[in-house]
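Inspection log for the structure reproduced underneath, given as structure tokens.
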Amino acid sequence: MSENQNLLAEQRRALILDEVRRRGGVRVNELTRKLGVSDMTVRRDLDALARQGVLEKVHGGAVPVVEASTHEPGFEAKSGLEPTAKEEIARAAAELVAPGAAIALSGGTTTYALAHRLVEVPDLTVVTNSVRVADVFHAAQRSAGVRPGTATVVLTGGVRTPSDSLVGPVADQAIAALHFDVLFLGVHGISAEAGLSTPNLAEAETNRRLVQSARRVVVIADHTKWGVVGLSSFASLDQVDTLVTDAGLPEEARAEVAEHLRVVVAGEAEETGRTAAAGGPDETG
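Encoded structure:
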């Protein structure tokens, strides 16, 4: 029996997507041989990936979706993609936050999931350009059923994007005047060549300012972001300290990323070891 038969569905689909993107298309019979699974299993995987909009089924196989590099899905559309992976990533990323830290959260659905995990961490200062993230902390402070961690939330101004981030000169100026221990950054796309990228030019500049103002940069991104390239790159992999991702990221991609930064795979953190919590009051330089 091929060891690939033991892969979880998400891992298997990530391998399929990586193969489609790398080769520009694959046939079903090629995938059955490579993965050691049935024709029906491969077709179900292709159906699932096609529903996510990350590939297009064709007769006998699949090809990549050719999407404009300027296309930016709305927040609600992105919320429905990889919800389990995002929750696992948020849980792992939350373990990197110490009480009393000054942190920044960029816009995005994965940082939104992380915000829900941080509402009970004591004495945080949270800088964010995400309306959704700020709302999570404000709602927790108003709710009698939640014991919030008394976070101080700084919401930048700016122009609202389809993903409910605030960007532009107003946001950039506010961020440039601040300094935080760690930035948790959601991304549209990540690759070895293009680094971190977004389809929104104004958001790219705001993200550059966030990266410049952070002592440490932690990217939180599920496996479907790998190999995606938006219109504008705003940081190289060498500017990132840690990537927190899910088990669907193929081993080849993990190895490529690990040449530049530390990789934490949600659910495998216990095996790979943990670093000290980020941004605690006792942390130095």
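If you're matching positions, the sequence shown starts at 1 in UniProt numbering and goes up one per residue. Quick reminder that beta carbons are idealized off the backbone N, C-alpha and C, glycines included.
Are the beta-carbon atoms belonging to residue i and residue j less than 9 angstroms from one another?
i           : j      : result
Leu183      : Val217 : yes
residue 322 : Val265 : With the chain running from 1 to 285 in the structure shown, residue 322 is simply not present.
Ser106      : Gly189 : no
Asp222      : Thr110 : yes
Arg208      : Ala171 : no
Asp241      : Ile89  : no
Leu55       : Ile16  : yes
Asp18       : Ala101 : no
Gly168      : Thr206 : yes
Thr41       : Arg12  : yes
In whole angstroms, what is the alpha-carbon distance linking residue i and residue j?
i      : j      : result
Ala14  : Ala85  : 12 angstroms
Ser130 : Ala194 : 24 angstroms
Gly53  : Leu237 : 26 angstroms
Thr161 : Arg21  : 28 angstroms
Thr150 : Gln141 : 7 angstroms
Leu155 : Arg215 : 19 angstroms
Leu210 : Gly267 : 28 angstroms
Leu243 : Leu261 : 7 angstroms
Glu252 : Ala115 : 30 angstroms
Gly248 : Ala139 : 32 angstroms
Ala202 : Glu95  : 31 angstroms
Arg43  : Glu256 : 29 angstroms
Leu178 : Pro64  : 41 angstroms
Gly108 : Asp164 : 8 angstroms
Val219 : Asp47  : 29 angstroms
Leaving out five residues on either side along the sequence, give the residues of the same chain with a beta carbon under 8 angstroms from the beta carbon of residue i.
i      : result
Ser191 : Ser197, Trp226, Gly227, Val228, Val229
His71  : Residue confidence is low: His71 scores 46 on pLDDT, short of 50, so the model does not pin down where it sits. No coordinate-derived value is stated.
Thr39  : This sequence places Asp at residue 39; Thr is not what is there. The residues are Val28, Asn29, Thr32.
Given residue i, which residues of its chain have a CB within under 7 angstroms of its CB, disregarding the five upstream and five downstream residues?
i      : result
Glu87  : Ala113
Gly157 : Leu166, Val170, Ala171, Ala174
Gln239 : Val211, Val217
Going by the DSSP bridge assignment, what does residue i pair with across the sheet?
i      : result
Lys86  : None, per the DSSP bridge assignment.
Val58  : Gly61
Phe184 : Leu105, Val218
Leu49  : The partner list for Leu49 (beta bridge, DSSP) is empty, contrary to what the question assumes.
Report back the beta-carbon spacing between residue i and residue j to the nearest angstrom; my notes put them in contact at under 8 angstroms.
i      : j      : result
Ala176 : Ser213 : 7 angstroms
Gly36  : Gly61  : 17 angstroms between Cβ atoms; not a contact.
Val119 : Val136 : 7 angstroms
Identify, in the order they occur along the chain, each residue of the same chain with its Cβ nearer than 6 angstroms to the Cβ of residue i, setting aside the five sequence neighbours on each side.
i      : result
Val263 : Leu243, Arg254, Val257
I want to see whether chain B comes within less than 9 angstroms of residue i, judged by CB atoms only; does it?
i     : result
Ala14 : Of the protein chains in this structure there is only one, and it is not chain B.
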